[in-house]
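**Student:** Start counting at 1 in the sequence shown, then tack on 270, and there's your number in this note's numbering. For glycine and all other residues, C-beta sits at the position ideal for the given N, C-alpha and C.
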Amino acid sequence: MNKGSYLLIMNLPEEVNLKYGKRSKSFEAGYYIYIGSAMNSLTGRINHHLSSEKKGRWHIDTFLKFSTIEYIVMIPCAERLEEKLSVSLEEEKDLEVVEGFGASDIKSKGNLFFIKNERFFSKIFKVLKEVREDDSIHQRLG
Numbered sequence: 271m272n273k274g275s276y277l278l279i280m281n282l283p284e285e286v287n288l289k290y291g292k293r294s295k296s297f298e299a300g301y302y303i304y305i306g307s308a309m310n311s312l313t314g315r316i317n318h319h320l321s322s323e324k325k326g327r328w329h330i331d332t333f334l335k336f337s338t339i340e341y342i343v344m345i346p347c348a349e350r351l352e353e354k355l356s357v358s359l360e361e362e363k364d365l366e367v368v369e370g371f372g373a374s375d376i377k378s379k380g381n382l383f384f385i386k387n388e389r390f391f392s393k394i395f396k397v398l399k400e401v402r403e404d405d406s407i408h409q410r411l412g
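1. Identify the residues that DSSP records as bridge partners of residue 308: which are they?
2. Restricting to Cα atoms, I'd like to know which of 341, 280, 313, 332 is closest to residue 293.
3. Considering Cα atoms alone, identify which of 361, 273, 314, 272 is closest to residue 424.
4. Taking the continuous beta strand (DSSP E) assigned at residue 286, which residues delimit it?
5. What number of angstroms, rounded off, separates the C-alpha of residue 380 from the C-alpha of residue 356?
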């Protein structure tokens, strides 16, 4: 199956001011998680994000000019899980949602999250090992 959702875990080495859409924001240095979906080609979307010669089609393209992808988690699945994942992570105390970043086509505050506490890494990787299409990630993070 070559469709599904994905997470990019990125390191932003230094603070940067970015404009995305009609908004602009100062992004603190540190780790971020981006959640996306690719219902036509999951591998194609990941290759797009990894390419250094991409056109700025999505908000994340601008962010990736200044950050490094450190981990990619692909979730092959017929269901688009982007909204469920984003809404669940909005409640996580170790994360801060970047409002309006991505998410223009779903009902969440944003698809990009700043990791406020690095202990979240062990928690998210444990959850991702266990998650299934019909599970609630928020319940597992609790």
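**Tutor:** According to the structure shown:
1. For this step, residue 308 is matched to residue 38 along the sequence shown. Answer is 274, bridged to residue 308.
2. Here residue 293 refers to the residue found at position 23 of the sequence shown. Nearest C-alpha to residue 293: 332.
3. A question about residue 424 goes unanswered here, because the residues of the chain that appear run from 271 up to 412.
4. The count along the sequence shown starts at 1 and reaches residue 286 at position 16. Here the beta strand (DSSP E) through residue 286 covers 286-290.
5. What you label residue 380 is simply residue 110 of the sequence shown in a count that begins at 1. What you label residue 356 is simply residue 86 of the sequence shown in a count that begins at 1. Approximately 7 Å, taken between the alpha carbons.
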